[in-house]
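Here the structure comes first, spelled out in structure tokens, and everything after it is commentary.
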Amino acid sequence: MQAPTHILAGSVIQELCKTRRFPLLTYFLTAVFGFFSHGLLDKLAITTYHPPRADFSDAFWISYHVGVLLATIVAVYVYGARYGWGIIFAVLPDVDWILIHGQRLTGISLPFYQTPHIHNFLNAFFDTVAAPLSALPDYRHYPWAGIFEIALIALFILLLHRLQRRRRNIHFR
Ligand SMILES: [Zn+2]
Numbered sequence: 001m002q003a004p005t006h007i008l009a010g011s012v013i014q015e016l017c018k019t020r021r022f023p024l025l026t027y028f029l030t031a032v033f034g035f036f037s038h039g040l041l042d043k044l045a046i047t048t049y050h051p052p053r054a055d056f057s058d059a060f061w062i063s064y065h066v067g068v069l070l071a072t073i074v075a076v077y078v079y080g081a082r083y084g085w086g087i088i089f090a091v092l093p094d095v096d097w098i099l100i101h102g103q104r105l106t107g108i109s110l111p112f113y114q115t116p117h118i119h120n121f122l123n124a125f126f127d128t129v130a131a132p133l134s135a136l137p138d139y140r141h142y143p144w145a146g147i148f149e150i151a152l153i154a155l156f157i158l159l160l161h162r163l164q165r166r167r168r169n170i171h172f173r
């Protein structure tokens with residue numbers, strides 16, 4: 001999935017895992033669930049607009065990805081300070097792409113990092129524990145499928161604000 005989706009997922013997970021009494025447990029659970037949320041969302045990404053290759057000749061591809069970039073900046077600005085820990089782990093697997101594309105851009109070669117190891121691990125993990133996900137329809141090339149990802153982001157924002165409000169109410173009771 002795209003960065004804003006992972007950022008929102010990390011924020012929701014951190015809010016869900018929050019316990020006042022066991023802060024260390026909060027950190028631990030947020031890290032684990034955040035990390036695995038990345039793999040789960042990337043599995044679902046097959047049903048959203050997600051062409052595997054960049055296409056700079058396609059106006060829709062460009063505008064969609066400019067939107068993604070802007071949404072990423074806004075999401076980090078709004079949720080970064082409060083949910084930084086969850087966001088880091090939810091986005092962490094994308095270190096794969098930084099290392100792989102980084103090698104191509106810089107010309108530096110890391111022989112042990114030619115494949116996305118973290119994504120491969122998460123993919124294999126969800127293929128084992130949630131095999132039916134592999135049967136999801138492939139809509140990656142259809143622009144209209146971007147709606148699914150936008151809807152998911154909207155759902156996460158709604159959920160996050162609900163959770164925040166509930167916590168505030170409990171606090172004042
Ligand atoms: Zn990913």
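Position 63 (the sequence shown) corresponds to 63 in this note's numbering; numbering is contiguous. Yeah, the Cβ is synthetic: ideal placement off N, Cα and C, and Gly gets one too.
The beta carbon of H117 sits no closer than 8 Å to any heavy atom of ligand 1.
Exposed is the label assigned to A135, since fewer than 16 other Cβ atoms lie within 10 Å of its Cβ. I7: member of the alpha helix (DSSP H) spanning 3–17, first to last residue. Of the residues Q2, I170, P51, the one whose Cα lies closest to the Cα of A71 is Q2.
By the C-beta density criterion, L41 is buried, having at least 16 other C-beta atoms within 10 angstroms. Within the stretch 81–128, not a single complete beta strand (DSSP E) segment reaches 3 residues in length. The beta carbon of W144 sits closer than 8 Å to those of Y49, all from its chain and outside the five residues before and after it, given in chain order. In summary, G39 is buried, with 16 or more beta-carbon neighbours lying within 10 Å of its beta-carbon over all protein chains present.
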